[in-house]
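For the sequence shown, this note's numbering assigns the number 235 to the initial residue and increments by one for each residue that follows.
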Amino acid sequence: MTDAPPSSPLRDHGRALAIAILGLAIRLDALRSPPVQDDHAQLAMLRGAFPLPRAPWDLFSFVRPGEAPALRADGLLPWWTDDRFAIAMFRPLSSLSLAAQLLLGGHRLAHAVSALLFASLVVVAGDLFRATLPLPAAWTATFLLALTPAATLPLLWVANQNALLSVLLGLVSLSALLRGRVALAHAALLLAALSGEYALPMLGYALVFALRRPSPARLVATLSSAALAPMIVARALHYGAANSQYLDPLRAPASWLAQSPGRALALLGTALLGQTTGPDHHGSVFPASAPATLLFAALLAAAFARTLRRWPAALRAPALAWPLGAALALLPVLAAPPLPRLLLPSAPGVAALLAVLCAAPLTRWGMPSPATPAAVALSIPLLIVHLALVPWQAHVDVRALSATFARTRDAVIRAAPEVSPSPRCDVLLGALDLEGLHYPPMIWREAGARPSGCWRVLTATGRPFTLTRPDARTLLLRSDGGTLVEPIALTAYRGSPMVVGQRVVTPAMTLTVTAAREGYPTELRVDLGADVDAYAWWVLLGGRMVRVTMSRMPAELRVPPAL
Numbered sequence: 235m236t237d238a239p240p241s242s243p244l245r246d247h248g249r250a251l252a253i254a255i256l257g258l259a260i261r262l263d264a265l266r267s268p269p270v271q272d273d274h275a276q277l278a279m280l281r282g283a284f285p286l287p288r289a290p291w292d293l294f295s296f297v298r299p300g301e302a303p304a305l306r307a308d309g310l311l312p313w314w315t316d317d318r319f320a321i322a323m324f325r326p327l328s329s330l331s332l333a334a335q336l337l338l339g340g341h342r343l344a345h346a347v348s349a350l351l352f353a354s355l356v357v358v359a360g361d362l363f364r365a366t367l368p369l370p371a372a373w374t375a376t377f378l379l380a381l382t383p384a385a386t387l388p389l390l391w392v393a394n395q396n397a398l399l400s401v402l403l404g405l406v407s408l409s410a411l412l413r414g415r416v417a418l419a420h421a422a423l424l425l426a427a428l429s430g431e432y433a434l435p436m437l438g439y440a441l442v443f444a445l446r447r448p449s450p451a452r453l454v455a456t457l458s459s460a461a462l463a464p465m466i467v468a469r470a471l472h473y474g475a476a477n478s479q480y481l482d483p484l485r486a487p488a489s490w491l492a493q494s495p496g497r498a499l500a501l502l503g504t505a506l507l508g509q510t511t512g513p514d515h516h517g518s519v520f521p522a523s524a525p526a527t528l529l530f531a532a533l534l535a536a537a538f539a540r541t542l543r544r545w546p547a548a549l550r551a552p553a554l555a556w557p558l559g560a561a562l563a564l565l566p567v568l569a570a571p572p573l574p575r576l577l578l579p580s581a582p583g584v585a586a587l588l589a590v591l592c593a594a595p596l597t598r599w600g601m602p603s604p605a606t607p608a609a610v611a612l613s614i615p616l617l618i619v620h621l622a623l624v625p626w627q628a629h630v631d632v633r634a635l636s637a638t639f640a641r642t643r644d645a646v647i648r649a650a651p652e653v654s655p656s657p658r659c660d661v662l663l664g665a666l667d668l669e670g671l672h673y674p675p676m677i678w679r680e681a682g683a684r685p686s687g688c689w690r691v692l693t694a695t696g697r698p699f700t701l702t703r704p705d706a707r708t709l710l711l712r713s714d715g716g717t718l719v720e721p722i723a724l725t726a727y728r729g730s731p732m733v734v735g736q737r738v739v740t741p742a743m744t745l746t747v748t749a750a751r752e753g754y755p756t757e758l759r760v761d762l763g764a765d766v767d768a769y770a771w772w773v774l775l776g777g778r779m780v781r782v783t784m785s786r787m788p789a790e791l792r793v794p795p796a797l
């Protein structure tokens, strides 16, 4: 695309691989992470220890439609979970691949495969960049993609490896399409769809690139069929999410439309400015910087348009395809709460857009026209943010995320010697993260302990609450100025508010909401099925999970916030 001397493809791939290794190096702690969150559930599925049977190709079916009451009674789901709650994803290729990795080499092998997928993703994307952009912009885009915040959690969290696989296969499909290998493009896109829902965002790029091929209408139709066929099958088999923080645009279009602008703006802030809140929200983005995000996005769009206007016509269309594809790739992920990992499908297009502006002054090395003053003015802060601050923040976030996940897990593991199968139920007074809400029994089993087989968490709040014990079989919980279940914890498991009088009956206890504020429970009555000492009571406190004897505690006590 430029007058620069041709380079060996093998040498170019080697350089792109070196860039990918740099991206892995700043996230090295992620590749050492033990099982976290859904990893525990998938290990339990493979060992036959999950409450309901799952096949190796179906490890992403955490809660199928109709299973929520049974899993809530078992304790895998918290007591406030909606009866219609479901989260079951159709990812047979990713599931089989992950099952083989875990059975053959455990999490070490799975992390190695994630690193290989990430490196392959950067190499394939780099090849596409060099085929569609001037070389300085292409290499800058490769660097930016390797450093994207979107790759951090997929590398740390083995259960999210499906994102790397489906995006990689989507890029392979684009590469084949660009080279006229249409059959391979269809096959790769189909495999991407069998790997995960990220194939749908990748279809956005494919449609933009297809418009530049012969018979574009037919090609768009066949590519769409390849990506959508597995998703249609999945819908027919009742896969998907319902009554949770995940919004299905087909089942709940009004909610999706209401939430999408805010979610898109939050993701835009991460993509363009590298904004994250750090570990407290597991990498969620800042919602309060909307004006700055919109202003910066408008400046970038204007500078990008002016830069392309000065390019030869033959170079404009392929360069423009990247941000257009990224915009289309953003739409499907708006069904989920805004987290940086959702930007992985959009990351190649965002990297290309930023690279065109960052590399604009490099006319001596192959950029097609002198840079505009606006492009030069933007290139310096962009380079500082995305080649210095974003990598540093990724390195910091990996360590912080690892520490956040490890904090509860380590506390649970240290409590394993006190675990026994004799109590009627293990009850945790409060937890704020998934490790504490769902997985202590699974973590205990991984550590060789034998828990009771019943698990219950009473609250999910960062505030203290008062616990009163009027008799040996009754507990009364009252929030001290807040709610017993934080909004983020409630909306994750139900699509409707809780009301006074709402009752949840489980084999071990009955829980009744006795007071609520704006749909969130503030007071709770717990009627036990046996005397209080028939249960094992646990508290997360100061980095430890402590077992307490409830009958020896005061009849009224103030419980500190969860770990």
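Ideal Cβ placement from N, Cα and C applies to all residues, glycine included.
Note that the structure is predicted; figures quoted are calculated from it, not measured.
Considering only C-alpha positions, which residue in the set T756, L437, D705 is nearest to L724? In the sequence shown, residue 724 corresponds to position 490, counting from 1. Nearest C-alpha to L724: T756.
Could you have a look at W678 and say whether DSSP puts it in helix, strand or coil? Here the question's residue 678 lines up with position 444 in the sequence shown. Residue state, collapsed to three classes: helix.
Where H672 falls, given that 16 or more other Cβ within 10 Å makes a residue buried: Locating residue 672 in the sequence shown gives position 438, where the first residue counts as 1. Its Cβ being crowded by 16 or more others within 10 Å, H672 is buried.
May I ask which residues mark the beginning and end of the beta strand (DSSP E) holding F699? By one-based count along the sequence shown, residue 699 stands at place 465. Judged by DSSP secondary structure, F699 falls within the beta strand (DSSP E) whose first and last residues are 699-705.
Measure how close the beta-carbons of F324 and Y473 come, nearest whole angstrom, since I'm counting them as under 8 angstroms. If you number the sequence shown from 1, residue 324 lands on position 90. If you number the sequence shown from 1, residue 473 lands on position 239. About 4 angstroms; that satisfies the 8 angstroms criterion.
Residues that P483 bridges to, as DSSP identifies them: Taking the sequence shown and counting its residues from 1, the one referred to as residue 483 is at position 249. Beta-bridge pairing links P483 to no other residue.
Can you tell which of D705, P651, R703, T700 has its C-alpha closest to the C-alpha of R684? As a first step, residue 684 is located in the sequence shown; it is residue number 450 there, counting from the start. With distances taken between CA atoms, R684 lies nearest to P651 out of D705, P651, R703, T700.
Based on the DSSP output, what are the partners of L758 in its beta bridges? Your numbering for residue 758 matches position 524 in the sequence shown. In DSSP, L758 forms a bridge with L711, V747.
Are there three or more Cβ pairs, one per stretch, closer than 8 angstroms when the stretch 642-656 is compared with the stretch 607-620? no
L244: first and last residue of the uninterrupted beta strand (DSSP E) it sits in: One-based indexing of the sequence shown puts residue 244 at position 10. L244 -> not in any beta strand (DSSP E); alpha helix (DSSP H) instead, spanning 243-259.
Is S409 helix, strand or coil by DSSP? One-based indexing of the sequence shown puts residue 409 at position 175. Three-state DSSP puts S409 in a helix.
With a cut-off of 8 angstroms on the beta carbons, I'd call S580 and L564 a contact; round off their distance for me. If you number the sequence shown from 1, residue 580 lands on position 346. If you number the sequence shown from 1, residue 564 lands on position 330. Confirmed, Cβ separation roughly 5 angstroms.
For L244, I'd like the list of residues in its chain whose CB is within less than 6 angstroms of its CB, leaving aside the five on either flank, ordered along the chain. Working through the sequence shown from its first residue, we reach residue 244 at position 10. So no residue of the chain qualifies.
Coil, strand or helix - F294 by DSSP: The sequence position of residue 294 within the sequence shown is 60, counting from 1. Note: F294 maps to coil in three-state DSSP.
Considering only residues of the same chain and omitting the five flanking positions on each side of G512, which have a CB-CB separation below 6 angstroms? Taking the sequence shown and counting its residues from 1, one reaches residue 512 at position 278. Because G512 carries a pLDDT of 43, less than 50, the predicted location of this residue cannot be relied on, and the following value inherits that uncertainty. Around G512, the same chain offers A634 as residues with beta carbons nearer than 6 angstroms, after the five sequence neighbours per side are excluded.
Could you say if the stretch 307-316 and the stretch 335-350 meet the contact criterion of at least three C-beta pairs nearer than 8 angstroms? Fewer than three pairs of CB atoms, one per stretch, sit closer than 8 angstroms, so the stretch 307-316 makes no contact with the stretch 335-350.
Would the beta-carbon of V584 fall within 8 angstroms of that of A532? Taking the sequence shown and counting its residues from 1, the one referred to as residue 584 is at position 350. Taking the sequence shown and counting its residues from 1, the one referred to as residue 532 is at position 298. No.
Is it the case that the Cβ atoms of L332 and Q271 are separated by a distance below 8 angstroms? As a working note, residue 332 is residue 98 in the sequence shown. As a working note, residue 271 is residue 37 in the sequence shown. Cβ atoms of L332 and Q271: not closer than 8 angstroms.
Using the C-alpha atoms, what's the distance from T527 back to L499? By one-based count along the sequence shown, residue 499 stands at place 265. By one-based count along the sequence shown, residue 527 stands at place 293. Roughly 7 angstroms between the two C-alpha positions.
Please determine if the stretch 379-392 and the stretch 418-428 are in contact, where contact requires at least 3 C-beta pairs separated by less than 8 angstroms. Touching, no.
Hey, out of T374, A397, S409, G340, whose CA is closest to D361's CA? To locate residue 361, count along the sequence shown from 1; it is residue 127. Residue S409 is the option with its Cα nearest to D361.
Does the Cβ of D705 have 16 or more other Cβ atoms within 10 Å, making it buried, or fewer, making it exposed? Translated into positions along the sequence shown, residue 705 becomes position 471. Of the other Cβ atoms in all chains shown, fewer than 16 fall within 10 Å of the Cβ of D705; this residue is therefore exposed.
Got a sec, what are the start and stop residues for the beta strand (DSSP E) M779 sits in? Counted from its first residue, the sequence shown places residue 779 at position 545. First-last of the beta strand (DSSP E) with M779: 778-782.
Would you tell me roughly how many angstroms separate the C-alpha atoms of P582 and R679, rounded to the nearest one? Position 348 of the sequence shown holds residue 582. Position 445 of the sequence shown holds residue 679. Taking the straight line from one Cα to the other gives about 41 angstroms.
Could you tell me if R497 is buried or exposed, where buried requires 16 or more neighbouring beta carbons within 10 angstroms of its beta carbon? Stepping through the sequence shown from its first residue, residue 497 is reached at position 263. That one is buried.
Report yes or no: do three or more beta-carbon pairs, one from the stretch 742-758 and one from the stretch 707-726, lie closer than 8 angstroms? yes
For S348, which residues in the same chain have their Cβ closer than 8 angstroms to its Cβ, ignoring the five residues on either side in sequence? By 1-based counting over the sequence shown, the position of residue 348 is 114. Cβ neighbours of S348 beyond the five flanking positions: L265, P388, L389, V392, Q395, L398.
Three-state secondary structure (DSSP) of G503: Your numbering for residue 503 matches position 269 in the sequence shown. Note: G503 maps to helix in three-state DSSP.
Suppose contacts are defined by Cβ-Cβ distances below 8 angstroms. Is V773 in contact with V782 by that definition? Sequence index remark: in the sequence shown, residue 773 carries index 539 (1-based). Sequence index remark: in the sequence shown, residue 782 carries index 548 (1-based). Contact: yes.
For a test of your reading of the model: does the CB of T744 fall under 7 angstroms from any non-hydrogen atom of the ligand MN? Yes or no. The ligand MN is not among the ligands present in this structure, which contains no ligands whatsoever.
Would you say Y727 and W314 are within 8 angstroms of each other, going by their C-beta atoms? Residue mapping note: residue 727 aligns to position 493 of the sequence shown, counting from 1. Residue mapping note: residue 314 aligns to position 80 of the sequence shown, counting from 1. Contact flag set, yes.
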